[in-house]
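In my numbering, the protein residues as written are 1 to 240.
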């Protein structure tokens, strides 16, 4: 992004200011992030200035994202070797120029690693027996969670399956979902916690009579019972 050579420094500052909040909004840990301005002897030959967003990985501090003011290097190179005029005509100011480029460069693999590292935890949770047990949790941001909603019939009882599958059919056109009926309901909750599913929807025997389901929140483990015909609206408000 950029364009006008005279605006490159302002755009560079804009990108530096915006990138860290974006990473934080998706769940990265603030204390493990820092901005580092590259020294002159560290800059790429085409760069006027550069800032790295660094993260403290288990193996130490390392670059997560680089933001560089590349000036007009890219188009100048293309113009030189293609023989084509790649200048932009600014009609308002009656001038031509090669646009400058400010490039935020984020590696998908490293970003995913950061979000997974900061989302993974093992914590104490209340057990069905009344005591406590270890809960493995991937508290990944809801926008990044691979499965948004899991539909869980309370058991594999044949009277529950048709209603649970109807609920699943209601949700799966809108979000990435999973239908899970293998094992106890407690084990299934834990399984969905481990893969970061934000919401579990449980269909029980009462659902057949009152047309309501129980929605469980991954992070708080709080449960809320609501009518099936309000379920899409409820999840839409939370998942988008």
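Glycine residues also receive a C-beta, built at the ideal position from the N, C-alpha and C atoms.
This one's a predicted model, so the numbers in the text were calculated from it and none came from an experiment.
Cut-off 6 angstroms between Cβ atoms - residues of its own chain near residue 183, not counting five sequence neighbours on either side: none
For the beta strand (DSSP E) containing residue 121, list its first residue and its last residue. 120-126
To which residues does DSSP link residue 202 through a beta bridge? 152, 214
Considering Cα atoms alone, identify which of 93, 92, 233, 72 is closest to residue 86. That would be 72, whose Cα lies nearest to the Cα of residue 86.
I need the straight-line Cα distance from residue 212 to residue 202, nearest angstrom please. 9 angstroms
DSSP three-state call for residue 133: helix, strand or coil? strand
Only counting the same chain, and skipping five residues up and downstream in sequence, which positions put a Cβ closer than 8 angstroms to that of residue 80? none
Closest Cα partner of residue 76 within the set 100, 66, 69: 100
At what residues does the alpha helix (DSSP H) containing residue 231 begin and finish? 231-239
Considering only residues of the same chain and omitting the five flanking positions on each side of residue 126, which have a CB-CB separation below 7 angstroms? 132
Quick one: is residue 198 buried, meaning 16 or more other Cβ sit within 10 Å of its Cβ, or exposed? Buried, since its Cβ has 16 or more Cβ neighbours within 10 Å.
Which residues mark the beginning and the end of the beta strand (DSSP E) in which residue 63 is found? 60-71
Just the C-alpha distance for residue 32 and residue 158, rounded to the nearest angstrom, thanks. 50 angstroms
Quick check: what's the CA-CA separation for residue 222 versus residue 200? 11 angstroms
What does DSSP give as the partner residues of residue 105 in its beta bridges? Its beta-bridge partners are 66.
Classify residue 196 as buried or exposed, calling it buried when 16 or more other Cβ atoms lie within 10 Å of its own Cβ. buried
Among 113, 228, 152, the one whose alpha carbon lies nearest that of residue 59: 113
Based on the DSSP output, what are the partners of residue 89 in its beta bridges? Bridge partners of residue 89: 96.
Local conformation of residue 158 per DSSP, three classes: coil
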